Structures are given as C-alpha cells and as structure tokens.
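Everything below concerns the one structure shown next.
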Amino acid sequence: MRTLMIEPLTKEAFAPFGDVIETDGSDHFMINNGSTMRFHKLATVETAQPEDHAIISIFRADAQYMPLTVCMLERHPLGSQAFIPLLGNPFLIVVAPVGDAPVSGLVRAFVTNGRQGINYHRGVWHHPVLTIEKRDDFLVVDRSGTGNNCDEHFFEEDERLILAPHQ
Numbered sequence: 037m038r039t040l041m042i043e044p045l046t047k048e049a050f051a052p053f054g055d056v057i058e059t060d061g062s063d064h065f066m067i068n069n070g071s072t073m074r075f076h077k078l079a080t081v082e083t084a085q086p087e088d089h090a091i092i093s094i095f096r097a098d099a100q101y102m103p104l105t106v107c108m109l110e111r112h113p114l115g116s117q118a119f120i121p122l123l124g125n126p127f128l129i130v131v132a133p134v135g136d137a138p139v140s141g142l143v144r145a146f147v148t149n150g151r152q153g154i155n156y157h158r159g160v161w162h163h164p165v166l167t168i169e170k171r172d173d174f175l176v177v178d179r180s181g182t183g184n185n186c187d188e189h190f191f192e193e194d195e196r197l198i199l200a201p202h203q
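Per this note's numbering, residue 37 is the first one in the sequence shown, and the count goes up by one each step.
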C-alpha cells in the first residue's frame with residue numbers, strides 16, 4: 037500500500053480540486069463606512085440545475101483512528117461542497133481529480149492551518165471530512181435538490197492508501 041504524505045494546503049496546490057477559502061493573500065475592499073474588510077467571492081457555489089439551491093449546514097465530525105486506511109472516496113456530481121472550520125482547528129483533506137473513478141496513484145492529502153476552508157468543485161473525489169481534533173465543527177455550504185448527489189467509490193484492496201498520521 038502507498039503511504040499518502042500530507043502536504044500543507046495552498047491555493048496553488050489545491051486548485052485542481054477546488055478553492056481554498058482564506059483571507060491570507062486574498063483581494064478585499066472596504067465596506068460599512070470603512071469599518072469592515074470584505075474578502076469577496078473566495079469560492080463559488082456550483083449547482084447543476086436551475087432548481088437547485090445552495091444550503092448552509094453544520095457538520096460535527098469525530099476524529100478517525102490514525103494511521104487511516106483510505107478505502108473509499110466520494111464525489112458530488114451535482115454541486116460543489118465547502119467546509120469552513122468553526123473552531124479554528126486544522127483538518128485533513130484527501131482528494132483525487134475529477135473522473136469516472138478516482139485513480140489511487142493521483143490521490144493527494146493536505147492539512148489546513150485552521151483558518152482555511154475549502155470548496156470542492158463539482159465531481160472532485162474526496163474523503164469524507166477528516167478532523168484532527170477528537171470532535172470538530174464545520175460550516176458546510178453545498179447543494180440541495182433532486183437527484184443523487186453522492187457517488188461512492190470503494191478501492192480494491194491493492195489500491196488502498198495509508199494516510200500517515202499528521203505531524
């Protein structure tokens with residue numbers, strides 16, 4: 037099994053998979069009579085159909101045991117999905133490029149700095165939320181509408197990956 041090394045999350049490295057939602061290095065302008073900086077359009081909510089809606093939810097996630105065997109990835113073909121940490125804790129991201137199925141050799145892993153959120157583009161393969169803390173909360177922005185918006189792919193045993201513990 038290939039060990040998946042965890043990379044620091046940067047806008048450039050994550051660009052094939054989605055958007056990094058952060059203020060560092062992002063354009064802004066002043067609003068509210070100069071008392072507020074607006075970091076505008078850090079990510080775009082994608083939906084497939086005109087009748088779809090963007091929704092906001094909170095996910096409360098429990099940590100997985102490490103090292104973690106990555107047995108499956110999921111994708112959302114009808115809309116993007118954003119995760120913004122509410123408690124300021126770093127979290128892990130495991131992703132693979134858009135395609136009919138994820139390719140084990142193209143899977144990458146990232147760690148946020150606790151102030152970064154991410155927005156998976158439509159169809160990007162990813163692992164369900166991976167918190168480092170025992171329990172963590174995330175603001176989630178994604179799509180609501182008709183149709184199946186979650187495909188799961190389970191790797192064959194020889195394609196599975198080991199996610200090294202975060203250092």
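Heads up, the beta-carbon is just placed ideally off N, CA and C, and yes, glycines get one too.
Computed from a predicted model, the values in this text were never measured in an experiment.
Range of the contiguous beta strand (DSSP E) that encloses residue i
| i | result |
| --- | --- |
| ALA49 | That residue, ALA49, is in no beta strand (DSSP E); its alpha helix (DSSP H) goes 47-50. |
| PRO155 | Per the sequence shown, residue 155 should be read as Asn rather than Pro. Segment 153-156, the beta strand (DSSP E) holding ASN155. |
| GLY54 | 54-57 |
| VAL147 | 144-147 |
| ASP60 | Note, ASP60: premise wrong, no beta strand (DSSP E); not H, not E. |
Whole-angstrom C-beta distance between residue j and residue i, which should lie under 8 Å
| i | j | result |
| --- | --- | --- |
| GLU82 | HIS162 | About 14 Å separates the two Cβ atoms, so there is no contact after all. |
| ARG179 | LEU114 | 6 Å |
Separation of residue j from residue i, as counted between CA atoms
| i | j | result |
| --- | --- | --- |
| ASP55 | GLU193 | 31 Å |
| ASP60 | ALA51 | 16 Å |
| ILE198 | LEU109 | 13 Å |
| LEU166 | ILE67 | 35 Å |
| HIS64 | ILE154 | 18 Å |
| ARG111 | SER140 | 15 Å |
| ALA22 | SER62 | Past the edges of the chain, shown from 37 to 203, lies residue 22, and the structure says nothing about it. |
| PRO86 | VAL177 | 17 Å |
Residues that residue i bridges to, as DSSP identifies them
| i | result |
| --- | --- |
| ILE94 | LEU175 |
| PHE119 | ILE154, VAL176 |
| LEU197 | ARG38, VAL106 |
Three-state secondary structure assigned by DSSP to residue i
| i | result |
| --- | --- |
| ASP88 | coil |
| LEU128 | strand |
Residue i: CB within 8 Å of a non-hydrogen atom of the ligand SAH
| i | result |
| --- | --- |
| HIS112 | Because no ligand of any kind appears in the structure shown, any question about the ligand SAH cannot be addressed here. |
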